Every structure is written in C-alpha cells, then in structure tokens.
Amino acid sequence: MEQQFGVRLKPTALYADPTPRGVVQALQEQDPDPLVVIPIQPEGTRAPLYGVHVLGDNGSFFRPLAAELGADQPVFGLTVGLLTEDTPTDVADIARFYLQQIERHHPTGPLSLIAVSAGSYVTFELAHQLLDWGRDVRAVIFLDAEGPGRRPRLGRLGRLGVHLGALRTHGFSYLGTMKAKRQEARSFAEAQARITDDTVLDETGGTGNIDEFVAANALAIEAYQPKPYPRRLTIFRAADDKFDSPLARQSGLGWKPVAAAGFDITDVPGDHLGLLQPPNVATLAAQVAYVLNSRNDDAD
Numbered sequence: 133m134e135q136q137f138g139v140r141l142k143p144t145a146l147y148a149d150p151t152p153r154g155v156v157q158a159l160q161e162q163d164p165d166p167l168v169v170i171p172i173q174p175e176g177t178r179a180p181l182y183g184v185h186v187l188g189d190n191g192s193f194f195r196p197l198a199a200e201l202g203a204d205q206p207v208f209g210l211t212v213g214l215l216t217e218d219t220p221t222d223v224a225d226i227a228r229f230y231l232q233q234i235e236r237h238h239p240t241g242p243l244s245l246i247a248v249s250a251g252s253y254v255t256f257e258l259a260h261q262l263l264d265w266g267r268d269v270r271a272v273i274f275l276d277a278e279g280p281g282r283r284p285r286l287g288r289l290g291r292l293g294v295h296l297g298a299l300r301t302h303g304f305s306y307l308g309t310m311k312a313k314r315q316e317a318r319s320f321a322e323a324q325a326r327i328t329d330d331t332v333l334d335e336t337g338g339t340g341n342i343d344e345f346v347a348a349n350a351l352a353i354e355a356y357q358p359k360p361y362p363r364r365l366t367i368f369r370a371a372d373d374k375f376d377s378p379l380a381r382q383s384g385l386g387w388k389p390v391a392a393a394g395f396d397i398t399d400v401p402g403d404h405l406g407l408l409q410p411p412n413v414a415t416l417a418a419q420v421a422y423v424l425n426s427r428n429d430d431a432d
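Here the sequence shown is numbered in the working numbering, starting from 133 and rising by one per residue.
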C-alpha cells in the first residue's frame, strides 16, 4: 500500500471496510495521528470491553469471544499498529499510548479491559493510568496470564509424570508437539538476544520483525515494577494446563501480591490460547459476561 500510494494506511482502516471503495476513502481521509482501535464488535449499548495488546492477525484472538458475547456488547482491540522506530515497547509508555487512544475513542463512561498472556502487564498498567485519570474501570480480566509473583509450577518429577501421561494418551505425536514448542521457545530466546531495551530497529528504520517486538516487550515486562491495584482482579486459568502446582490457583497465577482488593480465579476449558477458540470460548464468554454484568450492577 505504501509503495503504491506513498502513504501508510493504518490496519484499523482495513478492518473497518476492506472493500476497494473503503480503502480509497480511508486514503482520502488519512489522519496524521489516526486511532489504532480495532472495531472487533463495535455495536451495542453496554460499557465497552477493550482487548489489549498483540491481538493476533486481524484481531483474531478476541473475535470468537466477541461473537459469543453478543450484539449488545461492544468489543474493541488496542494495538500499537504498524511497527516503526517510534513504536513504544516500555510497559508504561505503551499503556500511556493506549490511554490516549481510549480518551479519543471513548472519552466518557465506564469500560472494562481484557488481555491474554503477557498483554496483561500492559493492561494492568493501563488500568492504573485510567483510574489515575479519573476513569471508571469496571473490570480487569486476565486470561491464563502469569503475574509478577510468578505462576507456581510442578517440580521436575511432576512435569515428568505429565509428559509420560500425555505420551500414553497421544502416542508419538506428542513428541512432535514438544519439539515444536521447544523450537518456538528457542526462536523467542534468540530474538531477545538480538535486541536491547531501547533498540528493535533494522537498517531500514523499522522494527526487525514481530518476534523482536514481542521480545522487546518481554524485556520491558522484566523491568516493570507494578504497584498494587486497588480494585478486584478477574483471572481465568486454562484448565488444560497440567503443569500448574496446587498453589497456582491460590496465588492467582502470581497476581496475588499486587491484587490489593483481592481476585477471583476460575478454570475454563482449553489450553493457553485454546480457551479463546471454539468450542471452549462459549464457556469463557458466559463467565466473562457474568463478570461484566455483576460489575455493572455493583456500580449502579
């Protein structure tokens, strides 16, 4: 798009109207400082739910959940958009950028936040900044996200037992799954090794790739010092994860040290990202809807 027209079209413009006419209109109306709020399910009268950070292709992480939540629950995605030399990677800076986006997109009224995995840290900081700004954050929801107190896991013998059980259940195909996961972890570690906290740029002036951007976020999370959050946190744990120790739920997957008002934790079917996919997402959506409704009722 940039090579053909000499401008960069934000991804959110394509999400809103991917037709040729929509693209032309978006190019004509190009904002020098456009919103990067993805309209996953923009209709409805309820307080909006914002899915935060690294949302998958075309906001795919939260699309099944939005569909299950129904037509009256607006769901939007917050993303940094195109990766450039100005893209923030520090947790507080990303949260501040998202605060500015929300202030432009939904300047008044209550809202809720939801995030999966490492996006929870940006969400946690964003919730703090929104409260400091005087905004009403009804719910902060984490999906299978490890907190700063660390997620208690099984010891070596416990992990070995899980692997042996899976091998008996799935046969040699499980070995292929394990190999793929190890390769993914190795690639991530290599991406971290290629960058520092303040440089994820290649010779063209843009970020090297999404792996390096995510790795830079991981470094920023390690440096982040969260302060206790004054409202109750909601945590959903992937029930298919067999590596959590019995203490995992008691610790809120590591969020207990910063949950000043306490937390609620619920097991839902699926693995780390599978809980957001059918058929598991139907159960998750029912639980999320209950949380959103109860928080709205408490505020009324």
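All C-beta atoms, glycine included, are put in the ideal place defined by N, C-alpha and C.
Remember, it's a predicted structure, so these values are computed and weren't measured experimentally.
Opposing strand residues paired with residue i [DSSP bridges]
i, result
"D399", "R369"
"F208", "P171, Y182"
"S244", "L181"
"A391", "Y361"
Residue i versus residue j: straight-line alpha-carbon distance, rounded
i, j, result
"V400", "P378", "16 angstroms"
"A421", "L263", "22 angstroms"
"G337", "Q382", "Residue placement at G337 is flagged as unreliable, the pLDDT there being 35, under the threshold of 50; the coordinate-derived value follows with that caveat. Cα to Cα, the separation comes out at about 45 angstroms."
"A392", "A271", "14 angstroms"
"P206", "P239", "15 angstroms"
"L416", "L197", "8 angstroms"
"P389", "R427", "22 angstroms"
"S244", "R178", "10 angstroms"
"P174", "L210", "13 angstroms"
"D276", "V254", "15 angstroms"
"I353", "F256", "11 angstroms"
"P220", "L351", "13 angstroms"
"P362", "K374", "31 angstroms"
"Q261", "T366", "18 angstroms"
"A247", "G183", "6 angstroms"
"R364", "D218", "34 angstroms"
"D430", "A418", "18 angstroms"
"I172", "L385", "28 angstroms"
"F208", "F193", "11 angstroms"
"L424", "A414", "15 angstroms"
"A325", "G241", "Because A325 sits at a pLDDT of 45, beneath the cut-off of 50, its placement in the model cannot be relied upon, and the point is left open."
"L167", "G251", "19 angstroms"
"A371", "N412", "10 angstroms"
"K359", "D222", "16 angstroms"
"Y230", "G279", "21 angstroms"
"G122", "W387", "A question about residue 122 goes unanswered here, because the residues of the chain that appear run from 133 up to 432."
"A347", "L405", "19 angstroms"
"D396", "R283", "15 angstroms"
"D334", "G176", "With a pLDDT of only 36 at D334, under the threshold of 50, the placement of this residue in the model should not be trusted; the figure read from the coordinates follows. D334 and G176: Cα-Cα distance of roughly 42 angstroms."
"G281", "I170", "31 angstroms"
"R195", "L407", "13 angstroms"
"S249", "Y356", "15 angstroms"
"A380", "F274", "14 angstroms"
Limits of the unbroken beta strand (DSSP E) element including residue i
i, result
"R270", "269 to 275"
Endpoints, the alpha helix (DSSP H) within which residue i is located
i, result
"A380", "379 to 382"
"S252", "251 to 264"
"E200", "195 to 201"
"Y356", "From DSSP, Y356 is part of no alpha helix (DSSP H); its letter is neither H nor E."
"D225", "223 to 237"
>> Tell me whether the stretch 228 to 240 and the stretch 260 to 272 touch, counting them as touching only if at least three CB pairs, one residue from each stretch, are closer than 8 angstroms.
In response: yes
> Taking one C-beta from the stretch 195 to 202 and one from the stretch 218 to 229 each time, how about it: are there three or more such pairs within less than 8 angstroms?
Replying inline: no
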